[in-house]
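For the UniProt record's numbering, add 201 to where a residue sits in the sequence shown, where the first one is 1. Beta carbons: idealized from backbone N, C-alpha and C, even for Gly.
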Amino acid sequence: DFSVRLQVKGEDELAQLGKAIQTLATDLEYLKKERNEFLASISHELRTPLTYVKGYADIARRPNIAEEERANYLSIIYEEAEHMQKLVKDLFELAKMDQHSFHIEKQPTLLCLFLKKIYEKMAPAFQTKQMALIYRCEENVTVHIDRQRFEQVMMNLLDNALKYSHQGSTVSIDGRMEKKNVMIMISDEGIGIPEADLPHIFERFYRVDKSRSRTGGGTGLGLAIAKEIVEAHGGSIHAISQFGKGTSMIITLPRSE
Ligand code: ADP
């Protein structure tokens, strides 16, 4: 229990020390609360798919069940297991990041070439949903990024743009320079994010619409992971959105010479 409360008066050294301890105690209290909330979220997130797996497995094992029905239950079980696998993978990623035991290996990379490769990789998925993916890049500057990690960031953002957009709409990838920074923007014309939710979407497990995110295969960790990776590169990420109109995710990276 960190509920230490010191009455500190005056400005002498002892008072300063008292203040420092007070600040530390507050920080620890906060961290403890955050950790507890995170653990509660994890068990909650695992409980839902486990309930499905257990329930459907119980029905599927009954001897008198129709083959067709059994096949249906088994595929639900498979999907839920897949979801749990994704969740565990994402959690492991975040745990590594928290421990600072994950290494960013920056390689000099031509921005436009990098974005074009991502575009080519993702375009078919957009076609399947009758959506268009476009790509624009003005200056083929060199950026220093961990390509594998940064590809993961781009994939997470594009997955979201795909998941939270309507058929027939367009998503764009833009790369450009602004002052001394490299900007990468992914814009969609999808469902958008309500203003009240916008400050929270990069938090772990935060979702605007839980059921929609789940049926789309989301774990609620994609943006949290993206943020960690971008920040580990010395960059930042933020979203602008209009509810019902669309969302833009903007990554800013310092241009390293
Ligand atoms: P999820 O796995 O739920 O997609 P993310 O961390 O990737 O988790 O995103 C967090 C939440 O932010 C999503 O559940 C969704 O509500 C919202 N969101 C993210 N990207 C978009 C987008 N492009 N358009 C609308 N909402 C989005």
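Cβ-based burial, residue i [other Cβ within 10 Å; buried from 16]
i, result
"L422", "buried"
"I402", "buried"
"M378", "exposed"
"R405", "buried"
"D389", "buried"
"L312", "buried"
"N361", "buried"
"T329", "exposed"
"P250", "buried"
"A221", "exposed"
"V372", "buried"
"H434", "buried"
"F293", "exposed"
"E269", "exposed"
"V231", "In the sequence as displayed, the identity of residue 231 is Tyr instead of Val. Exposed, by the Cβ-count rule."
"E246", "buried"
For residue i, the nearest candidate out of the options (CA to CA)
i, options, result
"I305", "P325, A296 and I346", "I346"
"Q331", "S366, L316, T310 and S276", "S366"
"N357", "A397, G417 and F303", "G417"
"D291", "E212, V354 and Y231", "V354"
"Q308", "V289, Y407, F351 and R271", "F351"
"L334", "Q349, F303, T310 and Q368", "Q368"
"K428", "I266, Y231, Y253 and D299", "D299"
"H284", "R248, K322 and S449", "R248"
"K317", "N341, E235 and Q286", "N341"
"Y257", "P395, S412, Y279 and G393", "Y279"
"K297", "I430, F444, D375 and G436", "I430"
"I394", "M450, E281 and A272", "M450"
"L314", "R348, V289 and Q286", "R348"
"E396", "E235, A440 and S244", "A440"
"L399", "E212, Q443 and L225", "Q443"
"R262", "L275, L363 and T252", "L275"
Extent of the continuous alpha helix (DSSP H) run through residue i
i, result
"I260", "E214 to A261"
"Q286", "E268 to D299"
"A324", "L312 to T329"
heavy atom of the ligand ADP below 7 Å from residue i C-beta
i, result
"G424", "The sequence as given places Leu at residue 424; Gly does not occur at that position. It does: the Cβ of L424 is within 7 Å (strictly closer) of some heavy atom of the ligand ADP."
"G369", "no"
"A272", "no"
"T416", "no"
"G421", "yes"
"T448", "yes"
"V409", "yes"
"I392", "yes"
"A216", "no"
"D259", "no"
"N361", "yes"
"N237", "no"
"K290", "no"
"K364", "yes"
"I402", "yes"
"D389", "yes"
"N357", "yes"
Where the beta strand (DSSP E) through residue i begins and ends
i, result
"L454", "G447 to P455"
"I438", "S437 to Q443"
"residue 200", "Only positions 202 to 458 of the chain appear in the structure, and residue 200 is not among them; the question remains open."
"R337", "A333 to C338"
"I346", "T343 to I346"
Query - beta strand (DSSP E) runs wholly inside the segment 349-389, at least 3 long, in chain order - result: Complete beta strand (DSSP E) runs here, min 3: 371-379 and 382-389.
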